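Chemist:
Numbering (the working numbering), first residue to last: 18 to 165.
1) How many Å lie between residue 90 and residue 97 at the Cα?
2) On the three-state DSSP scale, how would you describe residue 19?
3) If you draw a straight line from the alpha carbon of residue 170 to that of residue 60, how long is it in whole angstroms?
4) Skipping 5 residues on each side, what residues in its chain have a beta carbon closer than 7 Å to that of residue 21?
5) Distance check for residue 49 and residue 38, CA to CA, integer angstroms please.
Below, the structure written as structure tokens:
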């Protein structure tokens, strides 16, 4: 065997080892791609029902929001009607009721005076000499001379 034949055998063995490693790498890459394909298929199988459920949930939420919007508009209408009714009742009965109350007060005062003779003075009020009012009744800080 000459040196060229030994070199050829070495090159052939080297290429065989290199091709074996490349084949092994390609087999593992093919297995990885198959596993990834299976995983994507499983995720797709699980994601499609989840997406349809999410879509149904969003549709139901939109329906409920439409109902709530309708209820809110009805409540707003009832509130405005109640306000208008309150204003109408206040306008219709407020003035006359004040007049009736004033008339009743006048009648009570007239009846109270009627029982007393004209020449008799009004009942005297009790005044206690030397008694001072509490500070809240004297007018507060404005009426005090030295304090401002």
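Positions of the beta carbon are idealized from the N, C-alpha and C atoms, including for glycine.
If you're wondering where the values come from, they're calculated on a predicted model, not measured in any experiment.
Modeler: With the given structure in hand:
1) As a position in the chain shown, residue 90 is number 73, starting the count at 1. As a position in the chain shown, residue 97 is number 80, starting the count at 1. Residue 90 and residue 97 have their C-alpha atoms roughly 11 Å apart.
2) Taking the first residue of the chain shown as position 1, residue 19 is located at position 2. Looking at residue 19 - three-state DSSP - the assignment turns out to be coil, as it is neither helix nor strand.
3) Residue 170 lies beyond the stretch modelled for the chain, which goes from 18 to 165, so this question has no answer here.
4) Taking the first residue of the chain shown as position 1, residue 21 is located at position 4. Same-chain partners within the cutoff: there are none.
5) The residue you call residue 38 lines up with position 21 of the chain shown. The residue you call residue 49 lines up with position 32 of the chain shown. Each residue's Cα considered, the two are about 16 Å apart.
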